[in-house]
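Beneath this line is the structure, given in structure tokens, with notes to follow.
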Amino acid sequence: MASCFWFAGGGGPPSTVIVKLFSDGSVNLNMGASDIGTGTKTVMAMVVSEELGVPIEKIQIENVSTTLRTLRGYG
Numbered sequence: 003m004a005s006c007f008w009f010a011g012g013g014g015p016p017s018t019v020i021v022k023l024f025s026d027g028s029v030n031l032n033m034g035a036s037d038i039g040t041g042t043k044t045v046m047a048m049v050v051s052e053e054l055g056v057p058i059e060k061i062q063i064e065n066v067s068t069t070l071r072t073l074r075g076y077g
């Protein structure tokens, strides 16, 4: 049995990402959160798209490597 408790709103828990902007207008979104069907990747891409004014099709999503200790709380 699997279960999940997801907080919607309220400011927590925080999400940490690394966003890289490229000269061709594309964006790399590197995140440590696992998407287990809850839409985490899609939501983060939508936030980046809206905040930076970049079309969502130009956003590449990548999971952070657990061997890198670049994101607080992951790895």
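Take the position in the sequence shown, starting the count at 1, then add 2; the result is the number in the numbering used here. Glycine residues also receive a C-beta, built at the ideal position from the N, C-alpha and C atoms.
Length of the line joining the Cα atoms of residue i and residue j
| i | j | result |
| --- | --- | --- |
| L23 | K60 | 10 Å |
| V21 | L31 | 5 Å |
| D26 | S51 | 15 Å |
| N65 | G34 | 6 Å |
Opening and closing residue of the alpha helix (DSSP H) in which residue i lies
| i | result |
| --- | --- |
| V50 | 42-54 |
For residue i, the nearest candidate out of the options (CA to CA)
| i | options | result |
| --- | --- | --- |
| V29 | T40, V19, T42 | V19 |
For residue i: DSSP bridge partner residues
| i | result |
| --- | --- |
| I20 | N32 |
Enclosing beta strand (DSSP E) for residue i [first to last residue]
| i | result |
| --- | --- |
| E64 | 61-65 |
Per-residue burial, residue i [other beta carbons within 10 Å of its own, 16 or more giving buried]
| i | result |
| --- | --- |
| M48 | exposed |
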